[in-house]
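Going by the UniProt record's numbering, the residue at position 19 of the sequence shown is 19; the numbering climbs one at a time, nothing skipped.
C-beta atoms are modelled at their ideal positions from N, C-alpha and C, and glycine is treated no differently.
Every value quoted in this text rests on a predicted model; they were computed, and no experiment measured them.
Comments concern the structure below.
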Amino acid sequence: MNLYRRYFDLVAAGRKSIEVRVQYPKLRRLKAGDHIRFTCGRDSVLTRVKRVSRYSSFEKMFDAEGPSKVDPDSPRDQQLINIRRIYGPEKEALGVLAIEISLVSSADPDL
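Structure follows, in structure tokens:
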């Protein structure tokens, strides 16, 4: 699963514990215990899914999860702006996933 560099670095450092995605059909089966390999360029990091929570909007997700778990360096309002640049209203309408992750391995281009 691809990530922008700033978010990849937060995951690799263990500072980002919630990854936010919209409910594309292939992600609906995601469950606790699954593994996700995040990539950015040649870098990758392996994580384990601890839990998957579903929400009807980004606002409800941030209210329930807290913005610091998604991006500890940005305030909630800025995170909403950023995520809506990535996912437009038609994507948000699919539903929002908050995927709680834990680090399995640190960033390593040879993984």
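Buried versus exposed, by CB contacts within 10 Å (16 or more), residue i
i    : result
A107 : Confidence is the limiting factor: at A107 the pLDDT is only 48, short of 50, which leaves the residue's position unreliable and the question unanswerable from this model.
S56  : exposed
S44  : buried
M61  : buried
A13  : exposed
L111 : A caution first: L111 carries a pLDDT of 44, below 50, which makes its placement in the model unreliable, though a value can still be read off. Exposed, by the Cβ-count rule.
I83  : buried
Enclosing alpha helix (DSSP H) for residue i [first to last residue]
i   : result
V11 : 5-12
Residue i (DSSP reduced to helix, strand or coil)
i    : result
V104 : coil
Presumed contact (8 angstroms Cβ cut-off) between residue i and residue j, rounded CB distance
i    : j   : result
E100 : S17 : 6 angstroms
A98  : V20 : 6 angstroms
H35  : R51 : Not quite, the Cβ-Cβ distance comes to about 14 angstroms (not below 8 angstroms), so this is no contact.
F58  : L3  : Contact flag wrong, Cβ pair sits at about 17 angstroms.
Interface flag, residue i vs chain B, CB-CB below 7 angstroms
i  : result
R6 : Absent from the structure is chain B; it holds one protein chain and no more.
Start-end ranges of the alpha helix (DSSP H) lying completely within the UniProt domain "ASCH" (1-105), minimum 4 residues: 5-12, 58-65, 67-70, 76-86, 89-92
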